[in-house]
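Position 50 (the sequence shown) corresponds to 30 in our numbering; numbering is contiguous. Glycine is no exception: its CB is placed at the ideal position from the N, C-alpha and C atoms. All figures in this text were calculated on a predicted structure; none of them were measured in a lab. Written out below as structure tokens is the structure these notes cover.
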Amino acid sequence: MAFTTRSAAETFRLGRQLGALLQAGDVVFLTGHLGSGKTTFAKGVAQGLGVQADVTSPTFTLVSEYEGRVPLAHMDLYRLLKDTEGTTEPTTAVDFAAIGVQDYLYGDYAVLVEWPGALVEEVDDALFVDIVQPGAPKVDEREFRCKATGEKSWKRLDEWVKQWLF
Ligand SMILES: Nc1ncnc2c1ncn2[C@@H]1O[C@H](COP(=O)(O)OP(=O)(O)O)[C@@H](O)[C@H]1O
Ligand SMILES: [Mg+2]
């Protein structure tokens, strides 16, 4: 399943529609190169969740928490990865329980994870969103390639598609 957007505003709107559908315990894995639109999308998701605060990348912590209709846990696990362009491999085995990331999963939060790396193996029902840039001449076009790996995430994806198309 793929969505196409043609501006940052459209990406924001796509994110907002997903955010409006998310429930506590939902997990969204967000990948895409620098400048692909992850932050733009995340801001939309936050607004859809009713978050009032401005969502930025969690720079000094792995997780930022925001109050909303459902609280949002926004993670950026980039620093747990090898510092090589394009890789999604963790530097070493990561103990997600020890660093506290596990506590946010399947709990009270809707969880949005950028650069999830090996965390994808810890979650058996998640919505994967990968942003792909076709590049010149379509500089403002983004393809959102999505897949769901369980019942909950499949339901969200299904509702999201309907929202976007109709
Ligand atoms: N269709 C689009 N969706 C999202 N961003 C777009 C799009 N077209 C152009 N842009 C631009 O690309 C950049 C995306 O930046 P950002 O959301 O910070 O990406 P990331 O967090 O992945 O690095 C912004 O400058 C935005 O204006
Ligand atoms: Mg960003």
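In the structure shown, leucine 2 adopts coil according to DSSP, grouped into three states. Nearest to aspartate 75 by C-alpha distance, out of Arg49, Glu139 and Ala98, is Ala98.
In the three-state DSSP reduction, aspartate 83 falls in the helix class (H, G or I).
A distance below 7 angstroms between beta-carbons, with the five flanking residues on each side excluded, links glycine -1 to the following residues of its chain, in chain order: Gly24, Val25, Ala26, Gln27, Gly28 and Leu29. Pairing leucine 1 with arginine 136 gives a Cβ-Cβ distance under 7 angstroms.
Taking leucine 85 as the centre and dropping the five residues before and after it, the same chain places the C-beta of Val7, Val91 and Val103 closer than 7 angstroms to its C-beta, in chain order. Within 10 angstroms of the beta-carbon of alanine 77 lie fewer than 16 other beta-carbons, which makes it exposed. Taking the C-beta atoms as reference points, glutamate 121 is found no nearer than 7 angstroms to arginine -7. Annotation: the continuous beta strand (DSSP E) that includes glutamate 123 extends over 122 to 128.
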